[in-house]
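So the sequences go chain by chain: A and B.
Quick note on numbering: the first sequence equals residues 1 to 367 in our numbering.
Quick note on numbering: the second sequence equals residues 368 to 647 in our numbering.
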Amino acid sequence: MASVTLERLNKTFGSTHIIKDVDLKVGDGEFVVFVGPSGCGKSTLLRLIAGLESISDGELRIADDVVNDLPPRERGVGMVFQSYALYPHMTVYENMAFGLKLAKMANETVDERVMATARILQLEELLHRKPKELSGGQRQRVAMGRAMAREPRILLFDEPLSNLDASLRVQMRNEIARLHHRLGSTMIYVTHDQVEAMTLADKIVVLRDGRIEQVGSPQTLYQQPATRFVAGFIGSPTMNFMPAELLGAEDGCRVTAPGLGELSLPQDASGQPAGAELSLGVRPEHLRLAEAEGDNRFEIVNVEYLGNEVYVYLEPRVGDTLLIHRSEAPSRWEIGQRVALVPELEHVHLFDAQDRALEIANRRRAA
Amino acid sequence: MNQYQLIKLAKRVGFYALIAVVMVYAIFPFYYAVITSLKPSSELFRVDFWLSTVDFGNYVQIFTQKSFVRAILNSIIVSLSVVFIALLLGITASYALGRVRFRGRATVMLVILGVSMFPQVAVLSGLFEVIRGLGLYNNPAGLILSYTIFTLPFTVWVLTTFMKQLPMELEEAAIMDGATPWVTITKVFLPLMWPAMATTGLLAFIAAWNEFLFALTFTLTDDQRTVPVAIALISGGSQHELPWGPIMAASVTVTVPLVILVMIFQKRIVSGLTAGAVKG
Numbered sequence: 001m002a003s004v005t006l007e008r009l010n011k012t013f014g015s016t017h018i019i020k021d022v023d024l025k026v027g028d029g030e031f032v033v034f035v036g037p038s039g040c041g042k043s044t045l046l047r048l049i050a051g052l053e054s055i056s057d058g059e060l061r062i063a064d065d066v067v068n069d070l071p072p073r074e075r076g077v078g079m080v081f082q083s084y085a086l087y088p089h090m091t092v093y094e095n096m097a098f099g100l101k102l103a104k105m106a107n108e109t110v111d112e113r114v115m116a117t118a119r120i121l122q123l124e125e126l127l128h129r130k131p132k133e134l135s136g137g138q139r140q141r142v143a144m145g146r147a148m149a150r151e152p153r154i155l156l157f158d159e160p161l162s163n164l165d166a167s168l169r170v171q172m173r174n175e176i177a178r179l180h181h182r183l184g185s186t187m188i189y190v191t192h193d194q195v196e197a198m199t200l201a202d203k204i205v206v207l208r209d210g211r212i213e214q215v216g217s218p219q220t221l222y223q224q225p226a227t228r229f230v231a232g233f234i235g236s237p238t239m240n241f242m243p244a245e246l247l248g249a250e251d252g253c254r255v256t257a258p259g260l261g262e263l264s265l266p267q268d269a270s271g272q273p274a275g276a277e278l279s280l281g282v283r284p285e286h287l288r289l290a291e292a293e294g295d296n297r298f299e300i301v302n303v304e305y306l307g308n309e310v311y312v313y314l315e316p317r318v319g320d321t322l323l324i325h326r327s328e329a330p331s332r333w334e335i336g337q338r339v340a341l342v343p344e345l346e347h348v349h350l351f352d353a354q355d356r357a358l359e360i361a362n363r364r365r366a367a
Numbered sequence: 368m369n370q371y372q373l374i375k376l377a378k379r380v381g382f383y384a385l386i387a388v389v390m391v392y393a394i395f396p397f398y399y400a401v402i403t404s405l406k407p408s409s410e411l412f413r414v415d416f417w418l419s420t421v422d423f424g425n426y427v428q429i430f431t432q433k434s435f436v437r438a439i440l441n442s443i444i445v446s447l448s449v450v451f452i453a454l455l456l457g458i459t460a461s462y463a464l465g466r467v468r469f470r471g472r473a474t475v476m477l478v479i480l481g482v483s484m485f486p487q488v489a490v491l492s493g494l495f496e497v498i499r500g501l502g503l504y505n506n507p508a509g510l511i512l513s514y515t516i517f518t519l520p521f522t523v524w525v526l527t528t529f530m531k532q533l534p535m536e537l538e539e540a541a542i543m544d545g546a547t548p549w550v551t552i553t554k555v556f557l558p559l560m561w562p563a564m565a566t567t568g569l570l571a572f573i574a575a576w577n578e579f580l581f582a583l584t585f586t587l588t589d590d591q592r593t594v595p596v597a598i599a600l601i602s603g604g605s606q607h608e609l610p611w612g613p614i615m616a617a618s619v620t621v622t623v624p625l626v627i628l629v630m631i632f633q634k635r636i637v638s639g640l641t642a643g644a645v646k647g
């Protein structure tokens, strides 16, 4: 177990700059998830930590040791690969023992470690099978076992669940979470799936174009996204966005959005000029539907019934991304109806022209 | 029987007839060699397609010749050495060429391919000088060296293609487990490359086993010769007599091991040769 510190980490491949000045601290025993769209550099960042790619600039520390120039085996890291990469010609036991034997451990120690790891992952029955005789979930567990057997200081996961089917993915996600609770070891996990990130992480790192967009707990990222990108990336269905114009910045702020009319919001917009073009974001569950009145009328184009909840899709005023309203089932709304949208004002997000979120103003006047 | 069925039948008959022709064309010479080798010398020039009596006299004659037994031994030593050296160098080279990114990799591959295009005769005199310079004239080591030169390009190409197909993550997993490149090659890649190694190894063996020109040029004395040369130099009682019986017996003797080897590795050879073409 150890902490990991990244300081102004950079990675370039030829003239392409993949990782740009990444600063990050992963605490001892923390479960950190790197998430972002493909090509954002999350896997590269993981491989830099693993030692599979060389660091172009910056410093990487594990515990208090600078490990920039150490080979993977001396960094004390274990890695689970997307394709599992099990050695096909070895049994489960041999797969897990391979690294231990290479570390020149005594046979009894190897045996002890493998058996202990197998017990944790419930692989005891499978020890003498070859990878091709295992199911996807079992292979996944063996891959984890191989990474864990050497008792690394940090466990790295590179999209470990993306090769599994949906139901197995949920099950393995659960197992990984429980494993983390039981072992308490530091884990860094890469995924493009924001649901995996939300459910597993103590701390989520959202990456975009090689830079960290925001770091925070799942709750922080959901409730207070720092940028419009994070707001749109975290949460399913995604947040609704609509253009808004700033009317005044006194006492919180007043904005107007097409169809919604004038809204008085708690955000501090004092840095913005009057008339500034803003972007207004509301999560589907923070929109209420009401009988249409005046200009506030939106047409329902589709209704999805999911059993426990209902998604209502509405024609937007600007752009062509449908607005989504989510509520518990049953719903009385039907396709073709015209309704008014009423956002819950305390849950509305505002983003400036640079897509940065405007912060909620201090409520000192109330005191 | 209607017309359609007739045509179908004719097609079938034609098909098998064609197969029979091909089979006879391919196998008959060998079959005739076997028959000839089992005849006593008195019946040698009578045309028979079937054996009436079996006579092992020719075999007894060649195996009691010390130089022939010695030649077989030389051939085995040379061929196995060529296979071993070619596979060792081929595997390590294919790791470098297939896995390590370096400047000029494509050029190296092309040069290797280019080398294999020279005909043997073109390099014969040059190679002769090299071998004499190294003091390997009339020494099986000289043959091992020259055969390896001609076997290696093919070996390297096939193994490199195969190596490139092994998933990158497998190697990275080995690196994470603390394996050095050498351990990765021997413990992880080697067991997975058996089909390709069986193919290339067997073809290298056959090439070395059958080679004649170099073997004739680079050896001088009976006890350094390999089998193809030894067979060619089997002589009869006079200058005008070719001892067909013993020659056929010797030919059959040295062919049978190859046939057995090819039969054993048949499936492997096919899968090894097509490995580069289609993802398996």
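Glycine included, C-beta positions come from ideal geometry on N, C-alpha and C.
Taking a Cβ-Cβ threshold of 7 Å, the residues of chain B close to Gly99 of chain A are Asp544 and Gly545, in chain order.
In the DSSP assignment, no residue is bridged to Pro71 of chain A. Per DSSP, Lys375 of chain B is one residue of the alpha helix (DSSP H) stretching across Gln370 to Ser404. For Met198 of chain A, the enclosing alpha helix (DSSP H) has its first and last residue at Gln194 to Leu200. Collapsing the DSSP output to three states places Leu60 of chain A in a strand. Taking the C-beta atoms as reference points, Pro520 of chain B is found no nearer than 7 Å to Val478 of chain B. The stretch 329 to 336 of chain A and the stretch 345 to 355 of chain A do not touch, with fewer than three beta-carbon pairs separated by less than 8 Å.
DSSP places Asn302 of chain A in the uninterrupted beta strand (DSSP E) bounded by Phe298 to Tyr305.
Across the structure, Ile458 of chain B and Ser15 of chain A are spaced so that their CA atoms are roughly 33 Å apart.
Around the beta carbon of Lys375 of chain B, a 10 Å sphere encloses fewer than 16 other beta carbons of the protein chains shown; the residue is thus reported as exposed. Spatial neighbours of Leu533 of chain B in its own chain (CB-CB distance under 7 Å, excluding positions within 5 residues in sequence) are listed in chain order as Phe556 and Leu559.
Sequence-ordered contacts of the stretch 57 to 74 of chain A with chain B read Pro71, Pro72, Arg73 and Glu74 [C-beta pairs closer than 9 Å]. The shortest C-alpha to C-alpha distance from Leu287 of chain A to any of A:Pro266, A:Val310 and A:Asp320 is the one to A:Val310. Think of a sphere of 8 Å around the beta carbon of Gly78 of chain A: the chain B residues whose beta carbon falls inside it are Met543, in chain order. Sequence-distant Cβ neighbours of Asp589 of chain B in its own chain, meaning closer than 6 Å and more than five residues away, are Ser434. Residue contact with chain A for Leu557 of chain B: absent (no Cβ-Cβ distance below 7 Å to any residue of chain A).
Taking all protein chains in view, the Cβ of Arg228 of chain A is crowded by 16 or more other Cβ atoms within 10 Å, so the residue is classified as buried. Scanning A:Phe298, A:Leu164, A:Gly78 and A:Val170 for the CA closest to the CA of Gly145 of chain A turns up A:Gly78. Judged by DSSP secondary structure, Lys203 of chain A falls within the beta strand (DSSP E) whose first and last residues are Lys203 to Arg208. In the structure shown, Pro595 of chain B adopts helical secondary structure according to DSSP, grouped into three states. Judged by DSSP secondary structure, Arg119 of chain A falls within the alpha helix (DSSP H) whose first and last residues are Asn107 to Ile120. With contact defined as three or more Cβ pairs closer than 8 Å, the stretch 210 to 224 of chain A and the stretch 290 to 301 of chain A are not in contact. With 16 or more neighbouring CB atoms inside 10 Å of its own CB, Tyr189 of chain A falls in the buried class.
With contacts defined by Cβ atoms closer than 7 Å, Val449 of chain B and Ala546 of chain B do not form a contacting pair. DSSP places Glu536 of chain B in the helix class (H, G or I) of the three-state scheme. Exclusion of the five residues before and after Leu494 of chain B leaves Ser513 as the residues of its chain whose Cβ lies within less than 6 Å of its Cβ.
The beta carbon of Ala97 of chain A lies closer than 6 Å to those of Val110 and Val114 in the same chain, with the five residues before and after it left out. Relative to the Cα of Ile19 of chain A, the nearest Cα in the group A:Gly51, A:Gly58 and A:Ala2 belongs to A:Gly58.
For Leu454 of chain B, not one C-beta of chain A is nearer than 7 Å to its own C-beta. Collapsing the DSSP output to three states places Thr547 of chain B in coil.
Within the stretch 241 to 266 of chain A, the complete beta strand (DSSP E) segments at least 3 residues long are 253 to 257 and 261 to 265, listed from N- to C-terminus. For His17 of chain A, the enclosing beta strand (DSSP E) has its first and last residue at Thr16 to Val26.
Residue range Pro218 to Gln223 is occupied by the alpha helix (DSSP H) that includes Tyr222 of chain A, with no beta strand (DSSP E) assigned at that position. Ala116 of chain A is positioned such that its CB atom lies no closer than 7 Å to that of Glu124 of chain A. If you check the CB distance, Val445 of chain B and Ile498 of chain B do not come in under 7 Å.
Taking 7 Å as the threshold, the shortest C-beta distance from Ala540 of chain B to chain A falls below it.
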